[in-house]
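Input: a single structure, listed below in structure tokens.
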Amino acid sequence: MSRSFADLGVPSPLLDVLNGAGITTPTPIQSATLPDALSGRDVLGRGRTGSGKTYAFCLPLVARLAASGGRRTRNAPRGLILAPTRELARQIDETLAPLANALGMKTTVIFGGVSQGRQVDALNRGVDIVVACPGRLEDLMGQKHCRLDAVEISVLDEADHMADLGFLPGVTRILSATPADAQRLLFSATLDSGVQKLVTRFLTDPVDHSVDDGSATPGPTAHHVFHVDADDRVRALADLAGATSRTVMFTRTKHGAKRLAKQLTGRGVASVDLHGNLSQNARVRNLDAFSSGEATVLVATDIAARGIHVDDVGLVVHADPPAEHKAYVHRSGRTARAGAIGTVVTVATADQVREVRSLLRAAGVTAGEIELPVGADAAAALADAPEPPAHVPSDDGAEGQSVRGQSRRGRGRDRQSQNRQRAGQQADGQGQQGRGRQAEGEHGRGRGGQSRGDGRRSADQDRQVRAGRDRDGSECGARDQQGSGGGGARRRRPESGGAPSAAPQGSARQGSARQGSGAQRSGGHGSGAQRSGAQGSGARSTGARQSIGQAAGSPRGDQRRRATRSAG
1 MSRSFADLGV PSPLLDVLNG AGITTPTPIQ SATLPDALSG RDVLGRGRTG
51 SGKTYAFCLP LVARLAASGG RRTRNAPRGL ILAPTRELAR QIDETLAPLA
101 NALGMKTTVI FGGVSQGRQV DALNRGVDIV VACPGRLEDL MGQKHCRLDA
151 VEISVLDEAD HMADLGFLPG VTRILSATPA DAQRLLFSAT LDSGVQKLVT
201 RFLTDPVDHS VDDGSATPGP TAHHVFHVDA DDRVRALADL AGATSRTVMF
251 TRTKHGAKRL AKQLTGRGVA SVDLHGNLSQ NARVRNLDAF SSGEATVLVA
301 TDIAARGIHV DDVGLVVHAD PPAEHKAYVH RSGRTARAGA IGTVVTVATA
351 DQVREVRSLL RAAGVTAGEI ELPVGADAAA ALADAPEPPA HVPSDDGAEG
401 QSVRGQSRRG RGRDRQSQNR QRAGQQADGQ GQQGRGRQAE GEHGRGRGGQ
451 SRGDGRRSAD QDRQVRAGRD RDGSECGARD QQGSGGGGAR RRRPESGGAP
501 SAAPQGSARQ GSARQGSGAQ RSGGHGSGAQ RSGAQGSGAR STGARQSIGQ
551 AAGSPRGDQR RRATRSAG
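Residues 1 to 568 in this note's numbering are what the sequence shown lists, from first letter to last.
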């Protein structure tokens, strides 16, 4: 039987705030850590992104400071929370402020990228709790605007990400400036060597709570890898953006995020970017647009998106595969929050396939691989693809817990039904049985997609493109997105092994003409399998399928069957 917040010892004024926010049941990490944190123990809490860690440290921080009877003093906060990024610091403060206000306390948030004037003014007036990024906080400490000798409780959130970003020396200096007998709460998804050094040096007899329950948050996630042609990548990403009402796409670089957001907006997909080159006001504006539904796609870098919380993200797309498996896990944590089932797609070109497979092995993830022909509808291929077992990926490379997954098509029907109700209209065309797609965002700015019979055109393209231009000054016009005559996607064998599938997934679409010259595309790992394109100028695929002989010369000795579409 689960315990309530009252059972865990949360004071009644804070219970009222939780009830007002619709939060009535503690998450596993909250149930595990709150009793010890409220009693004054040092706590080491380990849990994945989305597990409810913010309330796990905000509640005891506010409750204990209120009970201590300390007085607010200029330039000397009594509580300190350190976070690695501006977005995370801002979101923590949004959670913390109502709790603090309920008990008569004041908070402020400190980070770089903006003028320090308001932050200095707040410190001069006196605040009880500071939420800060290490760099700006050290600057203000050096200028004598903030001192930490009165800190009673300090919190370090996303400690592993602090280590990844090289912040640990600054964090060490900051914690060294707090009283040695202060209570300390440290939360991290993993316990790497750098984080372990902080635990050893600054936590006194800590209680270690590790919550990694696949039935809790984040929920099970189905993982897919799309093999795409490099020249067809952006078009495929635009297709995927219409597979759900809210999508987060990740790139490796800031310039890549900016460029992809403009490219998607130019194709009629309302998109915003989030990266370090944006001013703080622009970052807030873009994140608010995505949260409200004005933009249906957020294109972000790893650092900018770390720790942000947006509800109902149905799809995460690795537009650029991450550099290492921990980044894959954290990126994928943007979906499948609060126990919901999520979907993650990695888009890989031919030269990235080996890297992606190695990455997934390190993360303990089994992903279904889909070979996407040039011009094929990526969203339709995702809907048709047999779904691999849903997993909760592991930071340490251990195999994630398998969950018997509902088919993508089945889940697609549920999402489509919700999106149709939100939009107030039915999808047109031949898209019955879940093949039509409509993913309208709030305020009518989503994209209505037609079925795979006649290609696709956004129902509200003009309004979307105008919205995109207003946000980032893009002069790109809306372009019609049309389905090609190319065939459906072919299913590749999962990374974990098993018999390869002989039948192509998805059917050929009749629509705009596709020209081909019989170009061949080789399968992965030297299988020797060839995929024939449509023959002749303007040839249109009829969907006819012919079996061809078994592929020879595979170094793995496996036998593959390939299908070819005859030109009509």
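No residue lacks a Cβ here, since even glycine has one placed at the ideal position from N, Cα and C. Given the structure is predicted, the values throughout are model-derived calculations rather than measurements.
message: Just to confirm the assignment: which complete alpha helix (DSSP H) runs, minimum length 4, are found wholly within the stretch 174-217?
response: Entirely contained in the stretch 174-217, the alpha helix (DSSP H) runs reaching 4 residues are, in chain order, 193-202.
query: For Phe202, which residues from the same chain have a beta carbon less than 7 Å from its beta carbon, with the 5 sequence-adjacent residues on both sides left out?
result: Leu175, Arg184
- prompt: What's the call for Gly214, buried or exposed, on a 16-neighbour Cβ count within 10 Å?
  reply: Only weak support exists for where Gly214 lies, its pLDDT of 35 falling under 50; the value from the coordinates is given anyway. With 16 or more other Cβ atoms within 10 Å, it is buried.
Selection from Val114, Phe111, Gly135, Ser154 that minimises the alpha carbon distance to Asp128: Residue Ser154 is the option with its Cα nearest to Asp128.
Whole runs of the beta strand (DSSP E) within the stretch 289-325, excluding any shorter than 3 residues: List check, beta strand (DSSP E) in window: 297-301, 315-318.
query: By a C-beta neighbour count over all protein chains shown, 10 Å radius and 16 as the cutoff for buried, is Arg354 buried or exposed?
result: exposed
- prompt: Looking only at C-alpha atoms, which of Phe226, Phe250, Gly142, Val269 sits nearest to Ala380?
  reply: Phe226
message: Rounding to the nearest angstrom, what Cα-Cα distance links Thr253 and Ser332 in this structure?
response: 17 Å
- request: Go through its chain and collect everything with a Cβ distance to Ser210's Cβ below 6 Å, but skip five positions before and after it.
  value: Arg46
task: Could you pull out every unbroken beta strand (DSSP E) segment of at least 3 residues lying fully inside the stretch 10-49, listed in chain order?
output: 43-46
- prompt: What is the C-beta distance between Val10 and Leu34, in whole angstroms, given that I count them as a contact (C-beta under 8 Å)?
  reply: 7 Å
- prompt: How far does the beta strand (DSSP E) with Val228 in it reach, from first residue to last?
  reply: Here Val228 belongs to no beta strand (DSSP E), and DSSP marks it neither H nor E.
field: Opening and closing residue of the beta strand (DSSP E) in which Thr107 lies
entry: Its beta strand (DSSP E) spans residues 107-110.
query: Is Gln464 helix, strand or coil when you go by DSSP?
result: Because the pLDDT at Gln464 is just 45, under 50, the model does not fix this residue reliably, and the point stays unresolved.
query: Out of curiosity, what's the CA-to-CA distance linking Ala97 and Arg78?
result: 15 Å
task: Could you have a look at His223 and say whether DSSP puts it in helix, strand or coil?
output: strand
message: Can you give me the C-alpha to C-alpha distance between Gly293 and Val310, rounded to a whole angstrom?
response: 11 Å
Short Cβ contact (8 Å threshold) for Leu274 with Val297: no
message: With distance defined between alpha-carbon atoms, name the residue in Arg285, Asn277, Gly375, Thr247 nearest to Gly113.
response: Asn277
message: By the three-class DSSP mapping on this structure, what secondary structure does Thr172 have?
response: helix
- request: Kindly indicate the opening and closing residues of the alpha helix (DSSP H) around Ala67.
  value: 53-68
query: Closest by CA to Leu14, which one among Thr221, Leu372, Ala100?
result: Ala100
- request: Note the first and the last residue of the continuous beta strand (DSSP E) segment covering Ala94.
  value: For clarity, residue 94 is Glu in the given sequence; the question names Ala instead. Element bounds for Glu94: not the beta strand (DSSP E) but the alpha helix (DSSP H), 86-102.
message: Given this structure, state the Cα-to-Cα distance separating Ala243 from Leu156, to the nearest angstrom.
response: 37 Å
- prompt: Secondary structure at Thr343, three-state DSSP: helix, strand or coil?
  reply: strand
query: Since Glu369 is in the beta strand (DSSP E), which residue starts that stretch and which ends it?
result: 368-371
task: Could you tell me whether the stretch 160-169 touches the stretch 106-125, using the rule of 3 or more Cβ pairs below 8 Å?
output: no
- prompt: Whose CA, out of Val347, Thr343, Asp7, Asn124, lies closest to the CA of Cys146?
  reply: That would be Asn124, whose Cα lies nearest to the Cα of Cys146.
field: Segments of 3+ residues assigned as beta strand (DSSP E) that fall wholly inside the stretch 131-172
entry: Here the runs fully enclosed are 153-156.
message: I'd like to know whether the C-beta atoms of Thr343 and Thr172 end up nearer to each other than 8 Å.
response: no
query: From Gly135 to Leu315, what distance separates their C-alpha atoms?
result: 33 Å
- request: Taking only the alpha-carbon atoms, compute the straight-line gap between Gly511 and Pro373 and give it to the nearest angstrom.
  value: With a pLDDT of 38 at Gly511, under the threshold of 50, the modelled position of this residue cannot be trusted, and the question is left open.
field: Continuous beta strand (DSSP E) stretch holding Thr247: start and end
entry: 247-251
For Gly79, the three-state DSSP class (helix, strand or coil): strand
- prompt: What are the boundary residues of the beta strand (DSSP E) that includes Ser271?
  reply: 271-274
Rounded Cβ spacing between Arg283 and Arg86 (contact assumed at less than 8 Å): Rounded, the Cβ-Cβ distance is 7 Å, consistent with contact.
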